[in-house]
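The block underneath contains the structure these notes are about, expressed in structure tokens.
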Ligand SMILES: Cc1cc2nc3c(=O)[nH]c(=O)nc-3n(C[C@H](O)[C@H](O)[C@H](O)COP(=O)(O)OP(=O)(O)OC[C@H]3O[C@@H](n4cnc5c(N)ncnc54)[C@H](O)[C@@H]3O)c2cc1C
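This is the structure:
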């Protein structure tokens, strides 16, 4: 049911007219996310406080208006798309770093703080917030918490969940809840914090995030290992762990990804290679020198034809820029992208890579694979033109095959992008009926009227 002018008038009373947008031109900017799909909302509001979020959640619950929370809209699975119209809650204006406690190594932020801004703020104080999604320069701390974002450094430091100590959030109906602790530990009651982190904006709107911090490592060394066979690059990952080396990043890029990146940026990546690994170690300068040397040896033993040290000023930054630009760079291969982020046990990466290669050969699809190989987390991208029905059917069949193989290897369908709307049709491949019933029961407990981010996660 379309929203009424009386409803908009009530929003105007809460927010003032300038923070309530209903013009199509304004709504268009909140209709998309990283999937490239479009679903315009009927109204967008820009809260500046938890109290305002509470008021609008109470109003929407009472009127049955769907609410879609939104950070920066960089999500890869359609989580911030307002599928049923209704109201988008744009949290980008709640962007204050509320505290950085240097002695307790904790911080509190509002949800709209951009992740890279927060990282820079703590680094100025000699502290470290490790979660670093490739989108850190744009994505928000609230969006990262809602998706349980990962990133290259997860291989050593873990994902967003491992840093969130507690949350302030608003549930449908308007009640403000506070979960977790600000202490180093806490086990009182069920762990609502871990339930909300990764809940993709379907249970509550996060209005503040308490995180823990680490001391900033004194030194970092970056290596680029170049391979003529992608199986050797894939096999190096488990070999590094077997050698006792805990890299802080182990990123994989196959030839299609390298070519796309070079077309986009000309960063000097070897486009004649079958694959490269981008490795990083950190710690005190002495251990970093030793570990970088050992990592380089392991790569060579596993048939790397060359291992480049990017230790001169600016070199590592260029490599990371090339890696982080891959997502947009791939659009040179096709106007539409199917973007999966499967995870397999590290020892199974060579089998997964071989499977993807087999699908590429059989189908002729434009496949490019890159990702956080240290976690077994591979971003498998199929670039295509969806207006071609044969290409669309082939891509869908390839996704089915990749998902089945991932699960057969003991993996999971998403390491960090979540289910949202794009993966929802496949949810029941991984989640059994009893677990699904429990999840739906939890959703119903938080949101009995189903107003918060409807149409996400659960297959319709
Ligand atoms: C180039 C690129 C690289 C990327 N690299 C990575 C990567 O390395 N690792 C990774 O994990 N992801 C990555 N992503 C995906 C994406 O950036 C993350 O999922 C990120 O956490 C989304 O943050 P956002 O602020 O853009 O949230 P949005 O896209 O706006 O929202 C994402 C979801 O969170 C919900 N949400 C947002 N804010 C709140 C809130 N305050 N309360 C409740 N729910 C909320 C939304 O409803 C939606 O379901 C990448 C994306 C791009 C475009």
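Numbering (the numbering used here), first residue to last: 55 to 514. C-beta: ideal position from N, C-alpha, C; glycine also.
Residues bridged to residue i [DSSP beta-bridge criterion]
i           : result
residue 266 : 160
residue 457 : Looking at the DSSP assignment, residue 457 forms no beta bridge with any residue, so it has no partner.
residue 306 : 331 and 425
residue 143 : 99 and 123
residue 61  : Bridge partners of residue 61: none, in fact.
residue 406 : Looking at the DSSP assignment, residue 406 forms no beta bridge with any residue, so it has no partner.
residue 395 : 433 and 468
residue 181 : 269
residue 86  : 92
Residue i versus residue j - alpha carbon distance
i           : j           : result
residue 362 : residue 204 : 26 angstroms
residue 197 : residue 126 : 7 angstroms
residue 430 : residue 56  : 44 angstroms
residue 380 : residue 311 : 7 angstroms
residue 73  : residue 111 : 16 angstroms
residue 328 : residue 130 : 26 angstroms
residue 288 : residue 153 : 42 angstroms
residue 245 : residue 199 : 15 angstroms
residue 259 : residue 249 : 13 angstroms
residue 433 : residue 394 : 5 angstroms
residue 286 : residue 359 : 10 angstroms
residue 149 : residue 209 : 28 angstroms
residue 347 : residue 194 : 36 angstroms
residue 478 : residue 343 : 45 angstroms
residue 517 : residue 280 : Absent from the structure is residue 517, since the part of the chain shown begins at 55 and ends at 514.
residue 354 : residue 282 : 12 angstroms
residue 492 : residue 502 : 14 angstroms
residue 120 : residue 514 : 16 angstroms
Boundaries (first-last residue) of the beta strand (DSSP E) holding residue i
i           : result
residue 234 : 230-234
residue 153 : 151-155
residue 510 : Counting along the chain, residue 510 falls outside any beta strand (DSSP E), and DSSP gives it neither H nor E.
residue 420 : 420-426
residue 273 : 273-281
residue 221 : 218-224
residue 359 : 358-363
C-beta atoms of residue i and residue j nearer than 8 angstroms
i           : j           : result
residue 235 : residue 257 : no
residue 302 : residue 352 : no
residue 469 : residue 510 : no
residue 481 : residue 512 : yes
residue 95  : residue 139 : yes
residue 505 : residue 114 : yes
residue 143 : residue 206 : no
residue 180 : residue 215 : no
residue 75  : residue 98  : yes
residue 217 : residue 265 : yes
residue 189 : residue 89  : no
residue 370 : residue 364 : yes
residue 463 : residue 483 : no
residue 191 : residue 170 : yes
residue 238 : residue 317 : no
residue 291 : residue 104 : no
Whole-number beta carbon distance between residue j and residue i, since they are thought to touch under 8 angstroms
i           : j           : result
residue 436 : residue 421 : 6 angstroms
residue 449 : residue 438 : 5 angstroms
residue 132 : residue 157 : Not a contact, Cβ separation roughly 41 angstroms.
residue 255 : residue 507 : 5 angstroms
residue 350 : residue 277 : 6 angstroms
residue 124 : residue 84  : 6 angstroms
residue 321 : residue 387 : That belief does not hold up - the Cβ atoms of residue 321 and residue 387 are roughly 18 angstroms apart, past 8 angstroms.
First through last residue of the alpha helix (DSSP H) which encompasses residue i
i           : result
residue 296 : 284-296
residue 250 : 246-250
residue 485 : Where residue 485 is concerned, there is no enclosing alpha helix (DSSP H), given that its DSSP letter is neither H nor E.
residue 111 : 104-117
residue 338 : First-last for residue 338: undefined, no H or E at that position.
residue 195 : 195-201
residue 382 : 380-383
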